[in-house]
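Enquirer:
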Amino acid sequence: MKKILIVDDEQDIVESLKFVLEVSGFVCYTAFNGEDGLKLAKEIMPDLIILDVMMPKINGYKISRLLKYDAKYKDIPIIMVTARSQLEDKAIGEETGVNEYITKPFELDQIVSKVEEYLGKAEEN
Amino acid sequence: MTKFLLISEDSEKEKVVKEVFHADEVITCTEETMIFDILKVEEPDIILVDGDIESLDLKPLCRKIKQFPVVILLILGNKEHNKDVTHNVNLFIKTPIDKKLLSATVDSSLRTRQSLLKMAKSNQELAASLYQLNVLYNTSSQLAGSLDKDKLIQIMIEGIEKSLNFELSCTLIFRSEREPVLIINSLYKISDRLLEALKLRAILSYKSLLSDPPFDIKIGNLKIEKNIKHNIQEYDFSILRFDNMFAPISLNDEFFGFTEIYREKPFSTEDATVFQTLVQQVTIPLQSASFTQELKATNRKLQKLERLKSEFISIVSHELRTPLTAIKNAMDIILSGKAGEMTENIEKFVSMGKRNAIRLSGIINDLLDISKIEAGKMDFKFELMHVEPVIEYVKTNLTEVAKEKNLTINYVSSGEDVEVYADSNRLEQVLTNLVSNAIKFTPEAGEIEISSKVVNARELQYDNCFEEDIKKLQGNYLQVCVEDHGIGIERKDLNHVFDKFAQIENSLSRKVGGSGLGLPIARQLMESHNGAIWCDSEINKGSKFYFVIPIANDKSNFTMIRKQLVQKARSNGTTVAVIKIKSTNEVIENLLKENNLLSKTYMANSLIEHEGIMTTLTIILMEGDIPSAEFLKKKIDSVVAEKEDLYGKCDIMYSYEIEGDTHEKDSYSR
C-alpha cells in the first residue's frame, strides 16, 4: 500500500485528511511539526508528502528544499497546503520544488483526487 | 575742565603752556607708551606736540594719535621734518608761542571738538538702532521660516544676543509637555553654585509667573543646556548684580516659557523695547509649531491605528479560516457517508452546518478583501482579456444554485470582439457577487439576464446619485448588466447599497444573509480597473446592476491608461524607466514631467547589460514597435523573475498603450 506523510500543526486538519485518505486506501503517517515531519520522511520513505507551510521549528519550504535537494528523496511528490495565497509564496514553493500547491480552505475531495493523480487509485495498486 | 597733554622736552614751552592754561590741567610726557596710556585713561581733550622734540619720530606718532578723539596741536619748531608732520595734526602755531593766539586757537578748536563729539555720539546711536532694527528684521524673517520649537528659541536667543550683547541668558522652555529645559547662553563658564542659583531662580520665576502651573518643575527634572562662548573665565554670583531683563514667552493664555538676560552695561529703554519685541515675535511661530507637532502626532497615531486595524482584520481572518476548514472537513466526511451511515435528519442538520460554514468562510474572505483594499495591499494581475469567457464561467458556476430556486440565467452578448485590461479573478468575483445577489432576490421560477455591450461614456444612463463615479469616465467601455426580477431597491437607497455594511431597511438582504461587503468590494475593484459600477431599480419589478471597464487599445481610452501609469508610479514612488531605441518619446516624457514623476531614459542595451538597474524601477516603458522589443521583454522578464524583491512589483508597459496607437502586438504586464 502507498504511504502518505501528512505534516501540519493543525491536528484536526491532519485527522480529517488522514481519515479520507485511509478510506481511499492509503496508509497515512502524521507529524505535527516540521522537525518530526522531516525525521519521519527520512525514516519511512513515503510515496507522497502533504505539507503545511506555516509550522513551528521548520517551515514547509525548508522541508521541501531539504528533501528536494537530496538525491535520495527528491522524487517524492510534495503537495503544499497553506492558508496563504499570495503570488510570491507560490513562487517560493515552485523554487523549492513543490509539485502541487493547494490553498486553504480546500475541499477534502480536492486533496484525494490530487493524491490519486500522483499515486493512482489505491484499489488499483 | 579741559585736559591737556603736552609732548615736549622743552621746559620753556612747558612753562608757557602752564601759564596759559591751569597748571594742573596739563600733563607732560615724552615717552611713547606712556602717551598712549594717558590717551586711554585720562582721555585728554587736546594734545600739544612740540615740533622740536628729539626723542620721538613725530610723523608716525601723530598718525597713531589721530585715531583717538583728541585735537592735535603742533608747536612748529625749526626742524625740517615739521612740514611732514603738519599733515597729521589738526592745528599748528608757530614759535615763539604767542600766548593769546594759543589760548584763542585752543578755545575754538575745543568748541569744534564738542560739536563733533556730539555728532559722533548720535551717529553711533543711530547706527546702533539701525543694527538692532536689522537684527529684528532678520530674526523675524528667520522665525517665519521654521516650525521647529528648538530652532525657534535658538533664533530668538541669537537675535537678542546680536542686538543686546548680553553676557548671560537663561531661557526656560518645554521640549514636550513634561520636559522643561533651561537653556543657558553665556560668554564665560558658569560656576557650579551659580548654576544652582540660576536653576532655582528659573523655578521660582516659573512658579510666580503662573497662578496655576500645570506642571511642577523641580531641580531634579529640570534639564540644562549650556552654550559657553569662551572657557577663559568663570562667572560667579557677581553676575547676578548685572543689569537684567526678564520676559515671559506667552501668547494669550498659552505659556511657552520665559527668557532672562544679564548684561554688565545697563540696559536703556530702547534695549527694553527691542527685547520685548524679539520675545513677542517668537510666540506666534511657537504656537504654530506646537499645533503642527500635535497634528503630526495625531496623524501618526491615526496611521498606526489604521495599520493595526488592517493587520488585526487580516490576522483574525487567517486565524478564523483554519478552524473553519477543520469544521468543513469534518462535516464533509460525515456527509460523504465514509464515517458511517446517517439518518435523514443527520444529513439535514450536518448539511445545514456545512452551508453556514461556507457562508462564514465567504464573509471572512470579504473581510480580508476589504481590509486589503483599504490598506492598498490588494494584488492585481492585470492582463489583456475577453470578458465573455468570465461571464460564461460565472453563469455555469451558479446554474446549480439557481436551479435550487428554479431560476434560469440567460446571457446575451452584443458580439463585439473587444479586449479589456483587467484581472480575471477580480472580474469573476464582481460578477459572481452580482449574479448571486440576483439569485437571492429573484422569486422562485424567475429569470436573471446578463448582457454585455460596448458603450461610450457619453451614452451612459444612470441615476444622479452616481454622477460622482461616472462623470470621470471618458472613451469606450465594455458594459456588463445583471438584471433581476426581485423586489427592487428604493431610489433613496440606490447609492447606499455600495456602502460598507449597509443593510437596507425592510429589504430581503438581512434575511438572505451575506457579509454586506460584496457590493462595496465590487465598487472598489471596479475603481481599481478604472471602471465604475452602479445600479438602477424599480420597486417590485427588479434591479439592474451595471459595470463598465475601459476597452484596451482603444484610442479614445489612452487617457485612462495614462492615468493608470501615473497612479502606479505614484503609489510606488520610484522611478519610471523609459527605454528608448530610436525616436524621443515626447508624449511620455511630457506626461511624466507634468505629473512630477521621476523618470530615466535608458538604451535597451545598457539596461540588459546592467541588470541591477532594474531593481530600482517600478515601471518599464518600452517603445512597443521596436524590432528587439520581444527579445527585451523576455530578458527583462527573466531578470525580474530572478530578483525576489522585484517579483510582482515591476510593470512592463509598451509606449503605444500610453500614446493610444492601436497595435496588433499584445500588451505585456505583470
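These protein sequence lines are chains A and B, in that order. One point on numbering: in our numbering, the residue at position 77 of the first sequence is 181, and numbering is uninterrupted. One point on numbering: in our numbering, the residue at position 464 of the second sequence is 487, and numbering is uninterrupted. Idealized CB from N, CA, C, for every residue including glycine.
For residue 115/B versus residue 133/B, is the C-beta spacing smaller than 8 Å?
Expert: Stepping through the second sequence from its first residue, residue 115/B is reached at position 92. Stepping through the second sequence from its first residue, residue 133/B is reached at position 110. No, these two residues do not count as a Cβ contact at 8 Å.
Enquirer: Does the Cβ-Cβ distance between residue 274/B and residue 310/B come in under 8 Å?
Expert: Here the question's residue 274/B lines up with position 251 in the second sequence. Here the question's residue 310/B lines up with position 287 in the second sequence. Yes, the pair counts as a contact, with Cβ atoms nearer than the cut-off.
Enquirer: Roughly how many angstroms separate the alpha carbons of residue 117/B and residue 70/B, rounded to a whole number?
Expert: Position 94 of the second sequence holds residue 117/B. Position 47 of the second sequence holds residue 70/B. Whole-angstrom Cα-Cα distance: 16 Å.
Enquirer: Look at the Cβ atom of residue 206/A, then the Cβ atom of residue 151/A, and state whether they are nearer than 8 Å.
Expert: Within the first sequence, the letter at position 102 stands for residue 206/A. Within the first sequence, the letter at position 47 stands for residue 151/A. The answer is no: Cβ separation not under 8 Å.
Enquirer: Do the CB positions of residue 125/A and residue 356/B come within less than 8 Å of each other?
Expert: Reading the first sequence from its first residue, position 21 is the one you call residue 125/A. Reading the second sequence from its first residue, position 333 is the one you call residue 356/B. Not closer than 8 Å, so no.
Enquirer: Confirm, please, whether the CB-CB distance from residue 549/B to residue 570/B is below 8 Å.
Expert: Within the second sequence, residue 570/B is the residue found at index 547, counting from 1. Within the second sequence, residue 549/B is the residue found at index 526, counting from 1. Yes, the pair counts as a contact, with Cβ atoms nearer than the cut-off.
Enquirer: Thinking C-beta only, is residue 566/B closer than 8 Å to residue 558/B?
Expert: On the second sequence, residue 558/B is found 535 positions in, with the first residue counted as 1. On the second sequence, residue 566/B is found 543 positions in, with the first residue counted as 1. In contact: residue 558/B and residue 566/B (Cβ atoms closer than 8 Å).
Enquirer: Roughly how many whole angstroms lie between the Cα atoms of residue 223/A and residue 174/A?
Expert: Here the question's residue 223/A lines up with position 119 in the first sequence. Here the question's residue 174/A lines up with position 70 in the first sequence. Taking the straight line from one Cα to the other gives about 21 Å.
Enquirer: Helix, strand or coil for residue 285/B? Go by DSSP, reduced to three states.
Expert: Against the second sequence, residue 285/B aligns to sequence position 262. Residue state, collapsed to three classes: strand.
Enquirer: Given a cut-off of 8 Å, decide if residue 72/B and residue 120/B are closer than it, judged by their beta-carbon atoms.
Expert: Mapped onto the second sequence, residue 120/B falls at position 97. Mapped onto the second sequence, residue 72/B falls at position 49. It is not a contact, given that the beta carbons lie outside the stated cut-off.
Enquirer: Mapping DSSP to helix, strand and coil, what is residue 233/A?
Expert: The structure shown does not extend to residue 233/A, since chain A is modelled only from 105 to 229, so the question has no answer here.
Enquirer: Per DSSP, what kind of secondary structure is residue 540/B in: helix, strand or coil?
Expert: The sequence position of residue 540/B within the second sequence is 517, counting from 1. Of the three classes helix, strand and coil, the one that applies to residue 540/B here is coil, per DSSP.
Enquirer: Taking only runs that begin and end inside the region 172-234 of chain B, name each unbroken alpha helix (DSSP H) of 4 or more residues, in chain order.
Expert: Counting only runs of 4 or more, we get 172-187, 215-232.
Enquirer: If residue 82/B and residue 107/B are in contact, beta carbons under 8 Å, what's the gap, nearest whole angstrom?
Expert: In the second sequence, the residue the question calls residue 82/B occupies position 59. In the second sequence, the residue the question calls residue 107/B occupies position 84. Their Cβ separation, rounded to whole angstroms, is 5 Å, which keeps residue 82/B and residue 107/B in contact under 8 Å.
Enquirer: So does residue 495/B have its beta carbon nearer than 7 Å to some heavy atom of the ligand NAD?
Expert: Absence of the ligand NAD is noted for the structure shown, with no ligands found whatsoever.
Enquirer: The region 110-124 of chain A: which residues have C-beta closer than 8 Å to a C-beta of chain B, in chain order?
Expert: Within the region 110-124 of chain A, the qualifying residues are 114, 116, 117, 120, 121, 123, 124.
Enquirer: Taking only the alpha-carbon atoms, compute the straight-line gap between residue 325/B and residue 454/B and give it to the nearest angstrom.
Expert: The residue given as residue 325/B occupies position 302 in the second sequence. The residue given as residue 454/B occupies position 431 in the second sequence. Taking the straight line from one Cα to the other gives about 35 Å.
Enquirer: Across the region 238-255 of chain B and the region 291-299 of chain B, are there enough close Cβ pairs to call them in contact, namely three or more that are closer than 8 Å?
Expert: The region 238-255 of chain B vs the region 291-299 of chain B: no contact.
Enquirer: Pop quiz: residue 202/B and residue 246/B are said to be a contact at Cβ under 8 Å. What is the actual Cβ separation, rounded to whole angstroms?
Expert: What you label residue 202/B is simply residue 179 of the second sequence in a count that begins at 1. What you label residue 246/B is simply residue 223 of the second sequence in a count that begins at 1. The Cβ separation is near 7 Å, so the contact holds.
Enquirer: Below 8 Å between beta carbons: does that hold for residue 265/B and residue 190/B?
Expert: Against the second sequence, residue 265/B aligns to sequence position 242. Against the second sequence, residue 190/B aligns to sequence position 167. Yes, the Cβ-Cβ distance between residue 265/B and residue 190/B is below 8 Å.
Enquirer: Is it buried or exposed, residue 171/A, if we count other Cβ atoms within 10 angstroms and call 16 or more buried?
Expert: Here the question's residue 171/A lines up with position 67 in the first sequence. Buried, by the Cβ-count rule.
Enquirer: For the region 333-356 of chain B, list every residue whose C-beta sits within 7 Å of some C-beta in chain A, in sequence order.
Expert: For the region 333-356 of chain B, which is checked against every Cβ of chain A, the residues closer than 7 Å are 341, 344, 345, 347, 348, 349, 351, 352, 353, 355, 356.
Enquirer: Suppose you measure from the CA of residue 123/A to the CA of residue 215/A; what does that come to, to the nearest Å?
Expert: The residue labelled residue 123/A in the question sits at position 19 within the first sequence. The residue labelled residue 215/A in the question sits at position 111 within the first sequence. Their backbone Cα atoms lie some 12 Å apart in a straight line.
Enquirer: Measure how close the beta-carbons of residue 413/B and residue 439/B come, nearest whole angstrom, since I'm counting them as under 8 Å.
Expert: Residue 413/B sits at position 390 when you count from the first residue of the second sequence. Residue 439/B sits at position 416 when you count from the first residue of the second sequence. About 16 Å separates the two Cβ atoms, so there is no contact after all.
Enquirer: Within 8 Å (strictly less), CB to CB, does residue 384/B reach chain A?
Expert: Residue numbering aside, residue 384/B sits at position 361 when the second sequence is read from its first letter. By this cut-off, residue 384/B is an interface position.
Enquirer: Please name the residue, chosen from 137/A, 201/A, 146/A, that lies closest to residue 118/A on a Cα-to-Cα basis.
Expert: Here residue 118/A corresponds to residue number 14 of the first sequence, with the count starting at 1. Ranking 137/A, 201/A, 146/A by Cα distance to residue 118/A puts 137/A first.
Enquirer: Quick one: is residue 361/B near chain A, going by C-beta distance under 8 Å?
Expert: Your numbering for residue 361/B matches position 338 in the second sequence. Interface residue, yes.
Enquirer: Going by C-alpha distance, which of 446/B, 467/B, 155/B, 349/B is nearest residue 545/B?
Expert: Taking the first residue of the second sequence as 1, we reach residue 545/B at position 522. Here the closest residue by C-alpha is 446/B.
Enquirer: For the putative contact between residue 393/B and residue 540/B, defined by C-beta atoms under 8 Å, what is the C-beta separation to the nearest angstrom?
Expert: Taking the first residue of the second sequence as 1, we reach residue 393/B at position 370. Taking the first residue of the second sequence as 1, we reach residue 540/B at position 517. About 5 Å separates the two Cβ atoms, so the contact holds.
Enquirer: Less than 8 Å between the beta carbons of residue 183/A and residue 154/A, yes or no?
Expert: What you label residue 183/A is simply residue 79 of the first sequence in a count that begins at 1. What you label residue 154/A is simply residue 50 of the first sequence in a count that begins at 1. For residue 183/A and residue 154/A, yes; Cβs fall inside 8 Å.
Enquirer: Starting from the C-beta of residue 128/B, find all residues in its chain whose C-beta is less than 8 Å away, skip the five residues before and the five after it, and write them out in chain order.
Expert: Locating residue 128/B in the second sequence gives position 105, where the first residue counts as 1. Answer for residue 128/B: 96, 114, 116, listed in chain order.
Enquirer: If you measure from the beta carbon of residue 229/A to each beta carbon in chain B, is any gap under 8 Å?
Expert: Numbered from 1 along the first sequence, position 125 holds the residue referred to as residue 229/A. Bear in mind that a pLDDT of 46 at residue 229/A, under 50, signals an unreliable position, so the number given afterwards is only what the model happens to contain. It does not; no Cβ of chain B falls within 8 Å.
Enquirer: Give me the residue from 173/B, 183/B, 141/B with the minimum Cα distance to residue 161/B.
Expert: If you number the second sequence from 1, residue 161/B lands on position 138. Among 173/B, 183/B, 141/B, the Cα nearest to that of residue 161/B is on 183/B.
Enquirer: Could you spell out the range, first to last residue, of the beta strand (DSSP E) harbouring residue 351/B?
Expert: Residue mapping note: residue 351/B aligns to position 328 of the second sequence, counting from 1. It is not in any beta strand (DSSP E) - residue 351/B instead sits in the alpha helix (DSSP H) that spans 292-359.
Enquirer: Can you give, in chain order, each stretch of the beta strand (DSSP E) that sits fully within the region 398-468 of chain B and has at least 3 residues?
Expert: For the region 398-468 of chain B, whole beta strand (DSSP E) runs of length 3 or above, ordered along the chain, are 406-408, 431-436, 443-445.
Enquirer: Using CA coordinates, which residue listed in 240/B, 426/B, 209/B, 520/B is at the minimum distance from residue 287/B?
Expert: Taking the second sequence and counting its residues from 1, the one referred to as residue 287/B is at position 264. Checking every option, the nearest Cα to that of residue 287/B belongs to 209/B.
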